[in-house]
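Position 240 of the sequence shown, counting from 1, maps to 303 under our numbering, and the rest follow consecutively. Heads up, the beta-carbon is just placed ideally off N, CA and C, and yes, glycines get one too.
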Amino acid sequence: MDIEQMRGLVEVARERSFTKAAGKLFLTQPAVSLQIKALEEEVGQRLFERHGKRVTITNAGRLLWDRAEQILSLVDRAREDLAGLGSLNTGHLRIGTSDTNCAYVLPPSVRSFRARYPGIDIRLTDRMSREVVRLVVEGSVDFGIATMPVGHTGVVTSPLFERRDVVIAPPGHRLAGRKRLKIMDLVEEDWLMLETGSTSRGLVDRALQEAGLRPSIAMELGSIEVIKKFVSIGLGIAVVPEVAIEQERAQGELLCLKVQGIPPRQVSLILRPGGYLSPAADVFLDTLRKDVGARG
Numbered sequence: 064m065d066i067e068q069m070r071g072l073v074e075v076a077r078e079r080s081f082t083k084a085a086g087k088l089f090l091t092q093p094a095v096s097l098q099i100k101a102l103e104e105e106v107g108q109r110l111f112e113r114h115g116k117r118v119t120i121t122n123a124g125r126l127l128w129d130r131a132e133q134i135l136s137l138v139d140r141a142r143e144d145l146a147g148l149g150s151l152n153t154g155h156l157r158i159g160t161s162d163t164n165c166a167y168v169l170p171p172s173v174r175s176f177r178a179r180y181p182g183i184d185i186r187l188t189d190r191m192s193r194e195v196v197r198l199v200v201e202g203s204v205d206f207g208i209a210t211m212p213v214g215h216t217g218v219v220t221s222p223l224f225e226r227r228d229v230v231i232a233p234p235g236h237r238l239a240g241r242k243r244l245k246i247m248d249l250v251e252e253d254w255l256m257l258e259t260g261s262t263s264r265g266l267v268d269r270a271l272q273e274a275g276l277r278p279s280i281a282m283e284l285g286s287i288e289v290i291k292k293f294v295s296i297g298l299g300i301a302v303v304p305e306v307a308i309e310q311e312r313a314q315g316e317l318l319c320l321k322v323q324g325i326p327p328r329q330v331s332l333i334l335r336p337g338g339y340l341s342p343a344a345d346v347f348l349d350t351l352r353k354d355v356g357a358r359g
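In structure tokens:
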């Protein structure tokens, strides 16, 4: 089983035609047929059913097609990484990241990295943390950046930085002047929460539970942006990442209550076991660490 055979398999699967696949590969139709025949003999199963000029893919063919695309993607990325090694003139980064990090943490680092290395194509995929792990395991991204814990044993994680959470309230809130608050001081408040299932929601629930507080949940909402808007008009309080409210805080639209006992969150790098970081990935992560450190 070699790379060219896999390319033949992928094109036949896409085109549903040996002739069209041969044209895409700049080969003769018999040459592509021989590639597929060799693969079928090696795996001991038919990969395609031939019906005259029409071709349908078998279940075995679909499985091998999926794996072949992953392998070819890795080969192409390796060639790009090697071509750009040292100079970082070309290449690409495919990064999976949780929604919050994508929206509030990564943008300055992406901007500065692109300014220094315009030839590197960056593709960000934002998902919930558990989905980021799935993307890493599948090989759909080069690495992931997500908030711990991710609840998956099939990956390798390495700490990148800590992210602080704060309790936000509308301007003029009754507790705004208090210099030291405990979580239990918020027992009478209405809480706005992210929907159940997110890593952020789980961490907030755990912190409140450990403090002995059973919050009165006024609403469950789908995004931090919506939560910020609802808090700003006095519909409740919420726990959000401090980095997510820099603009609203500066403009006086939201305030932070000085609450003790909100633990920081660990944001980590996620890799497949045996995975490696390309030179471009190393430089990007260094940029990210410096940016986060500079922001405090």
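By the CB criterion at 9 angstroms, glycine 202 and glutamine 133 fall inside the cutoff.
The alpha-carbon of alanine 301 is positioned some 15 angstroms away from that of leucine 244. A contact is defined here as three or more CB-CB pairs under 8 angstroms, and the stretch 310 to 319 fails this definition with respect to the stretch 252 to 264.
Boundaries of the alpha helix (DSSP H) around alanine 343: 342 to 358. In this structure, DSSP gives methionine 247 a helical state, which the three-state scheme calls helix.
In the DSSP assignment, isoleucine 185 falls within the beta strand (DSSP E) that extends over 183 to 190. Contact between alanine 281 and isoleucine 325 does not hold, since their C-beta atoms are separated by about 19 angstroms, which reaches or exceeds 8 angstroms. Annotation for leucine 266: the continuous alpha helix (DSSP H) segment containing it runs 262 to 273. Only buried fits methionine 69, as 16 or more other CB atoms lie within 10 angstroms of its CB.
Taking 8 angstroms as the upper bound for CB-CB distance, glycine 207 and threonine 163 are not in contact here, some 14 angstroms apart. About 7 angstroms separates the Cβ atoms of serine 331 and alanine 209, confirming a contact at the 8 angstroms cut-off. In this structure, DSSP gives valine 195 a helical state, which the three-state scheme calls helix. When the Cα atoms are used, glutamate 283 and proline 327 turn out to be separated by approximately 22 angstroms. With 16 or more other CB atoms across the displayed protein chains lying within 10 angstroms of its CB, glutamate 252 is buried.
Collapsing the DSSP output to three states places arginine 226 in a strand. For glycine 124, the closest of Arg79, Leu145, Glu273, Cys165 by C-alpha to C-alpha distance is Arg79. Each residue's CA atom was taken as its position, placing phenylalanine 224 and glutamate 305 some 14 angstroms apart. Under the three-state reduction of DSSP output, valine 218 falls in the coil class, being neither helix nor strand. Aspartate 268 sits away from valine 322, with the two beta carbons spaced by 9 angstroms or more. For leucine 318, the three-state secondary structure derived from DSSP is strand.
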